[in-house]
Each structure stands twice: as structure tokens, then as C-alpha cells.
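Note sheet for the following structure.
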Amino acid sequence: MGEKLHWWQTRWFVIAVTLAATIPLLWPTVPPLVDLPGHMGRYRVQLSIGHDPWLSQWYDFRWSLIGNLGIDLLVVPLAKVFGLELAVKLIVMTIPALTVAGLLWIAREVHGRIPATALFALPLAYSYPFQFGFVNFALSMAIALNLFALWLRLARLNRFRLRAAIFLPASCLLWLCHTFGWGVLGVLAMSAELIRQHDRMERPEARGGWRGWLEAMVRAGLGCLPLCLPMLLMIFWRSGEHVTGQTGDWFNWRAKISFLSMVLRDRWMAWDLFSATLLFLILFKGVRDDRVEYSRQLGLSAAFLFAVFIILPRIVFGSAYADMRLAPFALAIAVIALRARHGLSMRHASAIAALGMAFFAARLVGTTASFFLYERSYSRQMAALDHVPERARVVSFVGRRCLDDWAYSRLEHFPAMLITRRLAFSNDQWSMAGAQLLTTHYPAAGGFAHDPSEIVTDRYCRGNWWRPIRMALNNFPRDAFDYVWLLEPPRFDPALLDGMTPVWRDGSSMLLRIDDRSQPEPLTLEDFGVQLPRRNGVSSPR
110 MGEKLHWWQT
120 RWFVIAVTLA
130 ATIPLLWPTV
140 PPLVDLPGHM
150 GRYRVQLSIG
160 HDPWLSQWYD
170 FRWSLIGNLG
180 IDLLVVPLAK
190 VFGLELAVKL
200 IVMTIPALTV
210 AGLLWIAREV
220 HGRIPATALF
230 ALPLAYSYPF
240 QFGFVNFALS
250 MAIALNLFAL
260 WLRLARLNRF
270 RLRAAIFLPA
280 SCLLWLCHTF
290 GWGVLGVLAM
300 SAELIRQHDR
310 MERPEARGGW
320 RGWLEAMVRA
330 GLGCLPLCLP
340 MLLMIFWRSG
350 EHVTGQTGDW
360 FNWRAKISFL
370 SMVLRDRWMA
380 WDLFSATLLF
390 LILFKGVRDD
400 RVEYSRQLGL
410 SAAFLFAVFI
420 ILPRIVFGSA
430 YADMRLAPFA
440 LAIAVIALRA
450 RHGLSMRHAS
460 AIAALGMAFF
470 AARLVGTTAS
480 FFLYERSYSR
490 QMAALDHVPE
500 RARVVSFVGR
510 RCLDDWAYSR
520 LEHFPAMLIT
530 RRLAFSNDQW
540 SMAGAQLLTT
550 HYPAAGGFAH
560 DPSEIVTDRY
570 CRGNWWRPIR
580 MALNNFPRDA
590 FDYVWLLEPP
600 RFDPALLDGM
610 TPVWRDGSSM
620 LLRIDDRSQP
630 EPLTLEDFGV
640 QLPRRNGVSS
650 PR
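Counting in our numbering, the sequence shown runs from 110 upward without gaps.
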């Protein structure tokens with residue numbers, strides 16, 4: 110008989126922590142993730158534009174084959190059963206649960222038993238990319254972790270034909286969910302295959318030197334061929350007509366160092382930084398403590414992921430924070446790569462497991478409290494929707510500071526709830542052909558038609574496209590809109606609201622009906638002391 114399983118290695122424990130990972134999302138009606146309300150607005154357009162044709166006056170929605178369709182596809186059947194908002198909430202709740210299950214499954218496949226140190230990786234299920242609302246990305250990464258565990262299991266059972274048969278379609282579906290998840294699965298599978306092929310060489314002397322590793326790399330590449338079909342899908346996608354989205358901002362070292370410190374960013378900076386530091390100290394312990402070691406297989410996987418993190422630019426195909434998204438997953442794989450050596454006492458292992466579980470529980474409590482507070486903010490703003498009629502054209506302005514506050518208000522894309530609940534126009538939607546299924550075409554709105562026109566500040570913020578609130582309230586085309594919605598705006602001169610009637614107010618937030626359509630004299634950035642380049646002696650407007 111094998112050695113008895115300890116409490117953190119049992120199936121019931123895995124089920125319990127997987128379910129516990131959903132706790133912070135149980136209470137909020139709308140999961141308070143920064144970008145998620147904006148995505149929900151897009152889902153509403155895709156579901157309703159066929160029978161609510163006025164939406165086509167403002168938005169163009171066309172299905173196309175792109176590597177970013179995870180929840181966009183899932184909401185189609187689920188919204189018919191649960192309604193859009195509940196369907197989105199249920200899908201989002203599965204993401205941290207799948208992430209936790211995937212990490213523990215990988216750890217079990219590699220180590221044979223779940224090591225006590227693996228529990229410290231579980232809070233990364235609520236990493237900063239998830240909190241930011243990169244939901245298709247986060248879903249694809251959660252699925253990729255579980256597919257990688259299945260890849261390892263089938264290799265351990267020598268079921269390679271079955272593995273190829275499963276992963277040929279599975280890799281395509283994962284790419285369809287989000288390209289990033291497919292890419293990470295490829296990196297993980299390649300690193301695992303490289304170690305496996307190297308270790309199974311028949312002649313031990315062939316394993317040494319670069320030739321042995323080169324042979325293992327060729328064999329590993331052949332073994333990963335079932336994952337390569339999405340390359341054709343990628344070529345088809347990126348060579349399509351009207352595809353936009355640039356790639357740039359390479360090797361921004363200051364940003365990369367910041368992203369490593371932000372892996373658990375949520376609300377309380379000191380707590381989040383302490384938590385991230387603890388994870389890096391655990392990795393350091395694996396190097397310095399003789400009682401703990403790294404798995405060669407997962408150690409190489411983590412090294413590959415950190416290498417990709419370093420090489421990746423900040424913007425890929427128009428999607429920002431590409432490298433930031435990878436940081437918490439590279440860290441998670443590094444943490445679960447740790448395991449106790451045979452010399453570690455069971456008492457010590459149990460203590461490590463208890464500390465890891467306490468860390469996971471403490472992070473869950475903090476995230477639950479944070480989401481509760483964000484939900485209260487959402488509920489206050491949601492009251493404005495009762496005063497907006499369907500088909501209304503609303504320009505929204507959400508206040509923020511030039512400096513990047515650790516705790517976002519998470520209202521940046523909340524105006525999209527106008528689309529979700531009132532089928533009204535909102536100026537917060539992203540509009541990048543080829544990167545999103547939805548594009549905004551509302552010429553009357555001019556520069557106030559889409560993201561980031563909803564973001565306003567108290568002053569000009571160099572390097573950003575946000576407008577000062579005085580400029581936004583003065584310049585927006587009054588003929589194009591029926592209402593103005595201000596969500597926690599910075600201070601401004603009340604005279605800018607002349608010709609508008611307040612119909613709802615909560616603190617600094619307010620909803621105003623536009624009564625006077627006369628257009629004030631437009632302001633330019635030069636009115637804020639910004640010197641713009643001149644062409645032929647004429648100042649170029651922004």
C-alpha cells in the first residue's frame with residue numbers, strides 16, 4: 110500500500126478549496142472587475158442587435174474568427190437560460206475555481222502528491238489580470254492549466270495517441286477562447302516534453318552535453334505537433350482585412366518590475382505587496398533551504414514563462430499589458446514547482462501546509478471584503494440607470510487621477526451598463542477592428558464615440574488620451590447626446606453644466622438631461638498650457 114495521503118493531498122480538500130475560490134464572487138451582482146462591464150455591453154449588443162435594430166445606428170457587430178472569443182461564445186446559449194448578467198457571473202466564477210483546480214492537478218501529476226508549498230500559489234487565482242477584467246484571457250489560462258495537467262497525465266500513462274487525438278481539437282478551442290492561453294499551453298507542454306524526452310534517452314551518456322539536449326528538443330517539438338494547428342488560425346486572423354492593433358513598447362523594464370510587484374494587486378497596497386513579497390520569499394527558500402527543492406520539469410516551465418515575460422512587449426495586437434498578464438502565472442508555476450526533500454519531517458510539512466492554507470484563506474477574506482465594497486459603489490451608480498430611457502444617447506465621464514492609484518474605482522467601463530440594461534448608447538466601448546467583434550460607428554459623436562473618451566481628469570495627463578473634465582464637458586457634441594452621466598468626476602466649474610438639468614445625483618456623481626443644444630466655443634489642449642506641434646504655422650489639434 111502507498112503512503113497515506115495527508116489532509117492537503119486528499120480529493121476532498123481539492124474540491125473544498127476549488128469551491129472556496131468562488132466565495133468573493135458570490136455576493137456581487139456584477140463581478141467588480143475593471144473591464145468586465147464594458148465586455149458585458151458588447152455581449153448585450155451581440156445578443157440584441159438582431160431584434161433591437163436601433164443599436165446598429167451606433168455599433169457594428171460582426172462575427173469573425175479571432176483568438177479572443179471565450180465568453181463571447183459561451184454567453185450565447187447560457188444567456189437564454191440564465192439571462193445575460195447571471196450567465197456572465199456564473200462563467201466568471203468558474204475562472205478562479207478552474208485556476209485553483211489546475212494548479213493543484215499539475216502539482217499532483219509532477220510530484221505524485223500535492224506538496225505543502227503548492228497551497229501558497231492558490232491566491233494567484235485572483236491575480237491582477239483577473240481583477241483587471243481580462244476575462245477571456247483569464248478563462249483561457251485557467252483552461253490551459255487543466256489541459257497541461259491532462260497532457261502530463263496522459264504522458265505518464267503512455268497514452269500518446271489518445272493525447273494527440275484530444276489536443277488537436279482542444280488546442281484550437283483554447284486558441285478560440287484566447288490566443289494567450291494556447292501560447293502558454295505550448296510553452297508548458299514543450300518544456301515538460303523536453304525534460305521527459307531528455308530523461309528517457311536509452312543511452313545515459315547521450316544525455317550529457319548540448320547534443321543530448323538538441324536531440325531531446327527535436328523529439329519534444331515532434332511531440333507537441335498536435336498543438337500547432339492554431340498557427341494556421343492565427344495567420345488567417347491576422348491577415349484579414351481591416352485588422353488593426355499594433356505591437357510595441359518592448360523591454361520596458363520599469364513596467365516589468367512593477368508588474369511583478371502587482372501580481373496580487375487589489376485594494377490595499379500594503380497587504381497586496383506583502384503577499385507578493387511572501388511568494389518571492391518562498392521561491393528564495395527553495396534555493397537556499399536544503400530541505401526543499403525544485404522539480405526540474407516545472408522549474409524549466411517556470412523559467413520558460415519568465416523568459417517569455419521578459420521578451421513580450423507591453424502591447425500585442427493592440428492589447429495592452431500583454432507581459433503583465435503572464436507574470437502571476439509564471440510565479441504560480443514556480444511556486445508549485447517546489448517540493449519537500451525526503452529529509453523534511455512530516456511535522457514541518459504539515460506546518461507549511463497550514464501556513465499556505467492560512468495565506469489562501471486570508472487572501473480570500475480580503476478579496477471578499479474588497480469585492481463587497483466595490484459592489485456597494487456599483488449599486489450606488491446603478492441607481493442612475495432608472496432615470497435613463499431606452500434608446501437614449503448618453504455620454505459618460507468617469508473621473509480618475511493622472512497617477513495610477515493602487516485601488517482603481519473600477520468604474521472606468523461601468524457606463525456600459527447603459528447598454529446592458531437600457532439598450533442605450535455608451536461611449537466606453539473599445540473599437541479596434543480585428544481585435545474585437547464590435548466596433549463603434551457614431552460619426553455625430555466625433556471624438557466622444559468610444560474608449561477612452563469616458564475617462565476624464567482634473568488636468569492634462571501627459572502620455573495619455575484622457576481629456577481634462579473642463580475640456581470634455583465643454584467640447585462634447587450636444588446634438589449627439591441626450592444625457593451626460595458623471596461618475597465620481599474631479600472638481601469642475603458648475604457653469605460647464607449650463608443648459609443641462611440634473612435628474613439624479615449621488616455624491617459627486619450625477620445624471621443630467623441636455624436641454625440646450627447650443628455648442629460652446631471648443632477648447633484645445635493649448636488652453637491647458639500644452640504646446641502642440643505646428644504644421645505650416647497652424648497648431649495641430651489633438
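Beta carbons: idealized from backbone N, C-alpha and C, even for Gly.
Treat the numbers as computed from the prediction; the structure is a model and nothing was measured.
Legend entry - From Phe241, His220 and Cys281, residue whose alpha carbon lies closest to that of leucine 261: Sequence index remark: in the sequence shown, residue 261 carries index 152 (1-based). Among Phe241, His220 and Cys281, the Cα nearest to that of leucine 261 belongs to His220.
Inset, instruction - Mark alanine 604 as exposed unless 16 or more other C-beta atoms lie within 10 angstroms of its C-beta, in which case mark it buried. - result: Here residue 604 is taken as the residue at index 495 of the sequence shown, counted from 1. By the 10 Å Cβ count, alanine 604 comes out exposed.
Legend entry - Assigned secondary structure, glutamine 490 (DSSP; H/G/I helix, E/B strand, else coil): As a working mapping, residue 490 is identified with position 381 in the sequence shown. Reduced to three states, the DSSP call for glutamine 490 is helix.
Legend entry - Which residues DSSP lists as bridging isoleucine 200, in chain order: Here residue 200 is taken as the residue at index 91 of the sequence shown, counted from 1. According to DSSP, which records beta bridges pairwise, isoleucine 200 is partnered with nothing at all.
Inset, instruction - Please say whether phenylalanine 506 and phenylalanine 565 have beta carbons closer to each other than 8 Å? - result: Taking the first residue of the sequence shown as position 1, residue 565 is located at position 456. Taking the first residue of the sequence shown as position 1, residue 506 is located at position 397. At residue 565 the sequence reads valine, which differs from the phenylalanine that was named. Going by C-beta atoms, valine 565 is nearer than 8 Å to phenylalanine 506.
Inset, instruction - Just tell me which of Ala225, Leu285 and Phe229 has its CA closest to the CA of alanine 253. - result: Position 144 of the sequence shown, counted from the start, is the residue given in the question as residue 253. With distances taken between Cα atoms, alanine 253 lies closest to Leu285.
Inset, instruction - With hydrogens ignored, establish whether the beta-carbon of phenylalanine 229 is closer than 7 Å to any heavy atom of the ligand SAH. - result: The ligand SAH is not part of the structure shown, which contains no ligands of any sort.
Legend entry - Residue from Arg531, Ala516 and Ile180 whose Cα sits closest to the Cα of alanine 492: In the sequence shown, counting from the first residue as 1, residue 492 sits at position 383. That would be Arg531, whose Cα lies nearest to the Cα of alanine 492.
Inset, instruction - Taking only the alpha-carbon atoms, compute the straight-line gap between leucine 128 and phenylalanine 469 and give it to the nearest angstrom. - result: Position 19 of the sequence shown holds residue 128. Position 360 of the sequence shown holds residue 469. The alpha-carbon atoms of leucine 128 and phenylalanine 469 are separated by roughly 13 Å.
Inset, instruction - Enumerate in chain order the residues of its own chain whose CB-to-CB distance from phenylalanine 269 is below 8 Å, with the five nearest sequence positions on each side excluded. - result: Numbered from 1 along the sequence shown, position 160 holds the residue referred to as residue 269. Taken in chain order, the residues that qualify are Leu263 and Gly332.
Inset, instruction - Would you list the residues sitting across from phenylalanine 534 in a DSSP beta bridge? - result: One-based indexing of the sequence shown puts residue 534 at position 425. Partner(s): Arg502.
Inset, instruction - Might you give, ordered along the chain, the residues of its own chain that have their beta carbon closer than 6 Å to the beta carbon of arginine 489, omitting 5 neighbours on each side? - result: Here residue 489 refers to the residue found at position 380 of the sequence shown. For arginine 489, where only same-chain residues beyond five positions count, the Cβ hits under 6 Å are Asp615.
Legend entry - Cβ-based burial, lysine 113 [other Cβ within 10 Å; buried from 16]: Within the sequence shown, the letter at position 4 stands for residue 113. Counting Cβ neighbours within 10 Å, lysine 113 comes out exposed, since fewer than 16 surround it.
Inset, instruction - Could you check what DSSP says for leucine 156 in three-state terms: helix, strand or coil? - result: Translated into positions along the sequence shown, residue 156 becomes position 47. In this structure, leucine 156 counts as helix in the three-state DSSP scheme.
Inset, instruction - Could you have a look at isoleucine 419 and say whether DSSP puts it in helix, strand or coil? - result: As a working mapping, residue 419 is identified with position 310 in the sequence shown. Under the three-state reduction of DSSP output, isoleucine 419 falls in the helix class.
Inset, instruction - Kindly indicate which residue of Phe590, Val612, Trp613 and Leu582 has the alpha-carbon position closest to the one of aspartate 602. - result: Stepping through the sequence shown from its first residue, residue 602 is reached at position 493. Here the closest residue by C-alpha is Leu582.
Inset, instruction - Would you decide whether glutamine 628 is buried or exposed? Buried here means 16 or more other CB atoms lie within 10 Å of its CB. - result: If you number the sequence shown from 1, residue 628 lands on position 519. Counting C-beta atoms within 10 angstroms of its own C-beta, glutamine 628 has fewer than 16 neighbours from the protein chains shown and is therefore classed as exposed.
Inset, instruction - Report the rounded CA-to-CA distance for threonine 203 versus aspartate 625, giving the unit in angstroms. - result: Position 94 of the sequence shown, counted from the start, is the residue given in the question as residue 203. Position 516 of the sequence shown, counted from the start, is the residue given in the question as residue 625. One C-alpha to the other measures close to 48 Å.
Legend entry - First through last residue of the beta strand (DSSP E) which encompasses alanine 449: The count along the sequence shown starts at 1 and reaches residue 449 at position 340. Counting along the chain, alanine 449 sits inside the beta strand (DSSP E) bounded by residues 447-449.
Inset, instruction - Check whether the segment 551-566 touches the segment 181-195, taking contact to mean three or more Cβ pairs, one atom from each stretch, closer than 8 Å. - result: no
Inset, instruction - Hey, could you find the ends of the beta strand (DSSP E) leucine 621 is sitting in? - result: Residue mapping note: residue 621 aligns to position 512 of the sequence shown, counting from 1. Residues 618-623.
Legend entry - Spatial distance of alanine 460 from tyrosine 517 (CA atoms): As a first step, residue 460 is located in the sequence shown; it is residue number 351 there, counting from the start. As a first step, residue 517 is located in the sequence shown; it is residue number 408 there, counting from the start. Approximately 36 Å between the Cα atoms of the pair.
Inset, instruction - Please report how far the alpha carbon of arginine 120 lies from the alpha carbon of proline 339, in whole angstroms. - result: Along the sequence shown, read from residue 1 onward, the residue named residue 120 stands at position 11. Along the sequence shown, read from residue 1 onward, the residue named residue 339 stands at position 230. Whole-angstrom Cα-Cα distance: 34 Å.
Legend entry - aspartate 181, enclosing beta strand (DSSP E) - first and last residue: Walking along the sequence shown from the start, residue 181 turns up at place 72. Looking at the DSSP string, aspartate 181 is not in any beta strand (DSSP E); the run it does join, the alpha helix (DSSP H), is 179-191.
Legend entry - Cβ distance (whole Å) where glycine 150 is taken to contact isoleucine 528 below 8 Å: As a first step, residue 150 is located in the sequence shown; it is residue number 41 there, counting from the start. As a first step, residue 528 is located in the sequence shown; it is residue number 419 there, counting from the start. Yes, they are in contact, since the Cβ atoms of glycine 150 and isoleucine 528 sit about 4 Å apart, within 8 Å.
Legend entry - Where glutamate 402 falls: helix, strand or coil (DSSP): As a working mapping, residue 402 is identified with position 293 in the sequence shown. Correct three-state label for glutamate 402: strand.
Legend entry - Where alanine 429 falls, given that 16 or more other Cβ within 10 Å makes a residue buried: Locating residue 429 in the sequence shown gives position 320, counting from the first residue. With fewer than 16 Cβ atoms within 10 Å of its Cβ, alanine 429 is classed as exposed.
Legend entry - Whole-angstrom distance between leucine 392 and arginine 153, CA atom to CA atom: For the purposes of this step, residue 153 is identified with residue 44 of the sequence shown, where counting begins at 1. For the purposes of this step, residue 392 is identified with residue 283 of the sequence shown, where counting begins at 1. Going from the Cα of arginine 153 to the Cα of leucine 392 covers about 44 Å.
Legend entry - Meets three-Cβ-pair contact criterion under 8 Å: the segment 271-286 and the segment 400-419: no
Inset, instruction - Can you give me the Cβ contacts of tryptophan 575 inside the same chain, cut-off strictly under 7 Å, excluding the 5 residues immediately before and after it? - result: Locating residue 575 in the sequence shown gives position 466, where the first residue counts as 1. Closer than 7 Å at Cβ, skipping near neighbours: Pro561, Ile564, Val565 and Thr566.
Inset, instruction - Using 10 angstroms around the beta-carbon of tryptophan 539, count the other beta-carbons present and answer buried if the total reaches 16, otherwise exposed. - result: The count along the sequence shown starts at 1 and reaches residue 539 at position 430. Answer is buried; the Cβ neighbour count reaches 16.
Inset, instruction - May I ask you to report which of helix, strand or coil DSSP gives valine 507? - result: For the purposes of this step, residue 507 is taken as residue 398 along the sequence shown, with counting starting at 1. Looking at valine 507 - three-state DSSP - the assignment turns out to be strand.
Legend entry - Three-state secondary structure (DSSP) of histidine 496: Numbered from 1 along the sequence shown, position 387 holds the residue referred to as residue 496. Helix, per DSSP.
Legend entry - Beta-carbon spacing of proline 232, serine 384 below 8 Å: Reading the sequence shown from its first residue, position 123 is the one you call residue 232. Reading the sequence shown from its first residue, position 275 is the one you call residue 384. Taking 8 Å as the Cβ cut-off, proline 232 and serine 384 qualify as a contacting pair.
Inset, instruction - Evaluate leucine 294 with the Cβ neighbour count: other Cβ atoms within 10 Å of its Cβ, from every protein chain shown; 16 or more gives buried, anything less gives exposed. - result: The residue given as residue 294 occupies position 185 in the sequence shown. That one is buried.
Inset, instruction - Have a look at alanine 125 and methionine 466 and give me their C-alpha separation to the nearest angstrom. - result: By 1-based counting over the sequence shown, the position of residue 125 is 16. By 1-based counting over the sequence shown, the position of residue 466 is 357. Near 12 Å, if we compare the C-alpha coordinates of methionine 466 and alanine 125.
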